[in-house]
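Quick notes on the structure that follows.
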Amino acid sequence: MEFTVEIFLLLFFVAFIAGLIDTIAGGGGLLTIPTLLYVGIPPAAALATNKLQGTFGSFTAAMYFIRKKMVNIKEIKLMLIFTFLGAILGGFALLQIDASILKQIIPILLIIIGFYFLFSPSVGAIDKEKRISIIVFSFTLAFGVGFYDGFFGPATGSFFAIGFIALLGFNLTKATAHAKVLNFVSNISSLCFFMFFGKIYWSIGLCMGVGQICGALIGARLVLKNGQKIIRPIIVIISFAISIKLFFS
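Okay, so the sequence shown: first residue is -10 according to our numbering, each after it adds one.
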C-alpha cells in the first residue's frame, strides 16, 4: 500500500494534536485510530501502528517528567513491573476474549470520571494522605490498568491518574506525570506484543511518532506550567468524548 505526501502530512498533524492531548489527559487514540482507518489501513494493523506512534509520545513525555524530577523511578519500579506484566497479559487476553463488552462498561466509567473532575474542583489540588501502600497499588491498580491497556486501551492515562489521586493522594500535576511514565511502560509492552502478532506500518508509525514527540513536548510543558488549570478541563472533555465515541461505535 502506497501513501501520498498529503496523507503523511495529515497523519503527522493528527499525531501532533494527539500527542499534546495524550500527555495532558490521555485519549489521543480517539484521533489517531479513526485517522489510520480513514487512510485505508486495516483495523488490526491500525491498532498495531497506533501503538507504535503512541509509544513515541509517551516516552517523550515520561522522560521530560523524569528529567524535571516529577517522577522518581526508584520509588515506582514495582509499579512499572506490574504495569508491564499486566499489559502483556492483556494482549494475550485480546486474542482469546471479545473486547466488545468493554465498549459498554468503559463509557460509564469515563462519564463518572468526567463528572468527578467537573464537580470536584478541589480534587487533586494538593497532595493528600495515601490510602494504600505502593506495593498494594502496584499489584492491583497498576497491574489492572496495564492489563486494560494491553486488552483495550482508550483513556489509560486517565485511569492511571485517577488512581494516583484517589489511592496515593497525589496532586493532579504529579498524578499526570506518573501516569505518563506507567503509560509508556504499558505501551512498550503492548508494542512488543503487536510486533509479534500484528502488522505494523513502520513508515506511517515513524512519521506519526515524530508528530507525537512534538506534541508531547508541548503538552508536558503545559502540564508543568499550568497544572490542574489545564489538566482538569481536558480530562473532562476527553472523558466525555471517548464515552460518546464508544457508545455510538
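Idealized CB from N, CA, C, for every residue including glycine.
**Residue from I202, K234, S179 with nearest C-alpha to A82** = The option with the nearest alpha carbon to A82 is S179.
**Prompt:** Are the Cβ atoms of I102 and I224 separated by less than 9 Å?
**Reply:** yes
**Request:** Let me know the secondary structure DSSP gives S122 once reduced to three states.
**Result:** Three-state DSSP puts S122 in coil, outside helix and strand.
**Request:** Rounded to whole angstroms, what's the CA-CA distance from T24 to I193? Just pull it up for me.
**Result:** 11 Å
**Request:** Figure out for me which residue from N215, R210, L195, G15 has the closest Cα to the Cα of L(-2).
**Result:** Cα-wise, what sits closest to L(-2) is L195.
**Message:** Using the three-state DSSP reduction, which class does N172 fall into: helix, strand or coil?
**Reply:** helix
**Request:** Could you tell me the distance, in whole angstroms, from the CA atom of Y105 to the CA atom of I151?
**Result:** 10 Å
**Asked** When DSSP labels each residue in this structure, what does V212 get in the three-state scheme?
**Response** Correct three-state label for V212: helix.
**Request:** Specify the secondary structure class of K163 as computed by DSSP and reduced to three states.
**Result:** Reduced to three states, the DSSP call for K163 is helix.
**Request:** On a CA-only basis, which of L130, G46, S147 is nearest I177? Give me that one, please.
**Result:** G46
**Message:** Below 8 Å, how does it come out for the region 196 to 208 and the region 65 to 84: are there three or more Cβ pairs, yes or no?
**Reply:** no
**Message:** Please report the distance separating the alpha-carbon of A164 from that of F186.
**Reply:** 32 Å
**Message:** Can you tell me whether V60 is buried or exposed? The criterion is at least 16 other CB atoms within 10 Å of its CB, across all chains shown.
**Reply:** buried
**Request:** List the endpoints of the continuous alpha helix (DSSP H) containing L83.
**Result:** 66 to 85
**Request:** Taking A237 and F48 to be in contact with their CB atoms under 8 Å, please state how far apart those CB atoms are, rounded to whole angstroms.
**Result:** The displayed chain sequence assigns Phe, not Ala, to residue 237. Wrong, their Cβ atoms sit about 32 Å apart, outside the cutoff.
**Item:** Given M(-10) as reference, the closest of F183, W191, P222, A14 once Cα atoms are compared
**Value:** W191
**Item:** Inter-residue spacing [alpha-carbon to alpha-carbon] between K58 and K66
**Value:** 15 Å
**Item:** Three-way DSSP call (helix, strand, coil) for E(-9) in this model
**Value:** coil
**Asked** Any contact of the region 26 to 35 with the region 124 to 137, i.e. 3+ C-beta pairs under 8 Å?
**Response** no
**Request:** In the DSSP assignment, find the alpha helix (DSSP H) that holds G152 and state where it starts and stops.
**Result:** 145 to 157
**Request:** Check each candidate in G142, G198, N160 and name the one with the smallest Cα separation from G15.
**Result:** G142
**Request:** Write down every uninterrupted run of the alpha helix (DSSP H) in the region -6 to 32 whose length is 4 residues or greater and which is fully enclosed by it, in chain order.
**Result:** -6 to 13, 18 to 27
**Asked** Are the CB atoms of G139 and A76 nearer to each other than 9 Å?
**Response** yes
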